[in-house]
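Peer 1: To start, I am sharing the structure in question, which I have written as structure tokens.
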Amino acid sequence: MKISKKATTIAIVNQKGGTGKTTTCENLGIGLAMEGKKVLLVDADPQGSLTISMGWQQPDELPTTLSTLMAKAMNDQSIPPGEGILHHAEGVDLIPANIELAGLEVSLVNTINREKMLKQVLDGAKREYDFILLDCTPSLGMLTVNALAAADTTLIPVQAQYLSAKGLEQLLQTINKVHRQINPKLKIGGVFLTMANDTNFRKDIVAGVKENFGKHLPVLDAVIPATVRLAEISTADKSIFRHEPRGRAAAAYGALVKEVERIGEKQRIRDADITR
Ligand code: ADP
Ligand code: MG
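Under our numbering, think of the first position of the sequence shown as 781, with each following residue one higher.
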């Protein structure tokens, strides 16, 4: 008997640029693959940073990208399984993106069901993978709304010094709105700290964050340190697990992998309850 999988789809989201979304998508994805999970990464940012970081240095030359697939969904054309999916040496798959996605976002405006085009693209893949990670663009526009509509849950990387800022409030409002109006299944998996320096890496800081925010949203235990090792891999076509396997950044992403596996486990139990 073939038991079909049902991927946990996670939008990695924060409308602020440079909070570690792309770095997290790559390293969390590869970390999950190292645990034996089947993982699809989706570059949902017209800048194509994830695509570049995973070794496809010229995203504009790729024949098929996320925008090609979303355009097909908009035109009601079928998408053959596996179309446009690239395979990375560290065991994850990738749907790449390039600047064409910016034009596609504009054309979504006049489309019926415009919030659900990415969901439609990923429908088939849900049965093939354990985890689908969506690397969101730094805005709360239509592409991010599409990611939230396709997701089961969200992960929010934040820099410690910005935690109390207004930005998080706006993001949570958008997530809540999508939850109410478009995707009632959508959850918040958690906020976690990235680019933490030695001061805000301390346990009492994390405890303080939990005290402040824990009532409203989950705060994960994993804290990703600020380290030049992580900055280096954005052009190196390899994960932190290959670049510096015994360093503290690899350990921190390893801890995040464990927490995300638990989130996926809960998701599967919920899905099983619903279908029972
Ligand atoms: P986003 O996708 O949210 O815009 P990125 O993951 O691209 O953020 O990170 C922004 C920049 O910071 C990139 O150059 C990346 O290499 C670097 N970076 C990401 N995480 C860390 C970290 N923990 N420590 C140091 N540099 C980091
Ligand atoms: Mg990014």
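Glycine residues also receive a C-beta, built at the ideal position from the N, C-alpha and C atoms.
#1: So, at 7 Å on beta carbons, what are the nonlocal neighbours of ALA1032 in its own chain, with the 5 sequence-adjacent residues on each side left out?
#2: From this set, ILE810, ILE792, LYS899, THR831, which residue's C-alpha is nearest PRO1025's C-alpha?
#3: HIS996: buried (16+ other C-beta within 10 angstroms of its C-beta) or exposed?
#4: Taking just the CA atoms, how far does GLY988 sit from ASN893?
#5: Can you give the beta carbon distance from LEU846 to ILE879, rounded, assuming they're within the 8 Å contact cut?
#6: Taking C-beta to C-beta, are LEU830 and THR848 nearer than 8 Å?
#7: Report yes or no: do the stretch 810-822 and the stretch 908-928 share at least 3 C-beta pairs separated by less than 8 Å?
#8: Helix, strand or coil, according to DSSP, for ALA1006 in the structure here?
#9: Any heavy atom of the ligand MG closer than 7 Å to the beta-carbon of SER1014?
#10: Is there at least one non-hydrogen atom of the ligand ADP closer than 7 Å to the beta-carbon of ASN926?
#11: How is GLY969 classed by DSSP in three states: helix, strand or coil?
#12: Compute the Euclidean distance between the alpha carbons of ASP1017 and THR917, then round it to the nearest angstrom.
#13: Am I right that GLY895 and ILE962 are in contact with their C-beta atoms under 8 Å? What's the rounded C-beta distance?
#14: Is the beta carbon of LEU951 sitting closer than 8 Å to the one on PHE972?
#15: Determine, using beta carbons only, whether ILE1043 and ALA1030 come nearer to each other than 8 Å.
#16: Buried or exposed: where does PRO937 fall if 16 or more other Cβ atoms within 10 Å of its Cβ makes it buried?
#17: Can you have a look at GLU806 and say buried or exposed, based on whether 16 or more other CB atoms are within 10 angstroms of its CB?
#18: Using the C-alpha atoms, what's the distance from ASP840 back to ILE792?
#19: Buried or exposed, going by whether 16 or more other CB atoms sit within 10 Å of the CB of ILE1054?
#20: Does DSSP put HIS867 in a helix, a strand or coil?
#21: Is the beta carbon of LEU948 sitting closer than 8 Å to the one on LEU881?
#22: Give the DSSP-derived three-state secondary structure of MET897 in the structure shown.
#23: May I ask you to check if the CB of SER739 is nearer than 7 Å to at least one heavy atom of the ligand MG?
#24: Buried or exposed: which applies to TRP833, given that a residue is buried once 16 or more other Cβ atoms fall within 10 Å of its Cβ?
#25: Tell me which residues share the same chain as GLY921 and place their Cβ nearer than 7 Å to its Cβ, disregarding the 5 neighbours each side in the sequence.
#26: Please indicate yes or no: does the CB of SER829 lie closer than 7 Å to some heavy atom of the ligand MG?
#27: Please name the residue, chosen from MET854, ASP1051, SER1014, LYS1038, that lies closest to GLN837 on a Cα-to-Cα basis.
#28: Starting from the C-beta of LEU935, find all residues in its chain whose C-beta is less than 6 Å away, skip the five residues before and the five after it, and write them out in chain order.
Peer 2: Concretely, from the data shown:
#1: ALA1002, VAL1003, ILE1004, PRO1005
#2: ILE810
#3: exposed
#4: 41 Å
#5: Actually they are not in contact, since the Cβ atoms of LEU846 and ILE879 sit about 12 Å apart, beyond 8 Å.
#6: no
#7: Judged by Cβ distances under 8 Å, the stretch 810-822 makes contact with the stretch 908-928, as three or more pairs qualify.
#8: coil
#9: no
#10: no
#11: Here GLY969 sits in strand by DSSP.
#12: Using only the alpha carbons, I get a separation of about 20 Å.
#13: As written in the sequence, residue 895 is Glu, which differs from the Gly given in the question. That belief holds up - the Cβ atoms of GLU895 and ILE962 are roughly 5 Å apart, short of 8 Å.
#14: no
#15: no
#16: buried
#17: Under this definition GLU806 is a buried residue.
#18: 23 Å
#19: exposed
#20: Of the three classes helix, strand and coil, the one that applies to HIS867 here is strand, per DSSP.
#21: no
#22: helix
#23: Past the boundaries of the shown model lies residue 739; the chain is included only from 781 to 1056, so the question cannot be answered.
#24: It should be pointed out that residue 833 corresponds to Ser in this sequence rather than to Trp. SER833 should be labelled buried.
#25: GLU885
#26: yes
#27: SER1014
#28: ILE790, ILE792, GLY969
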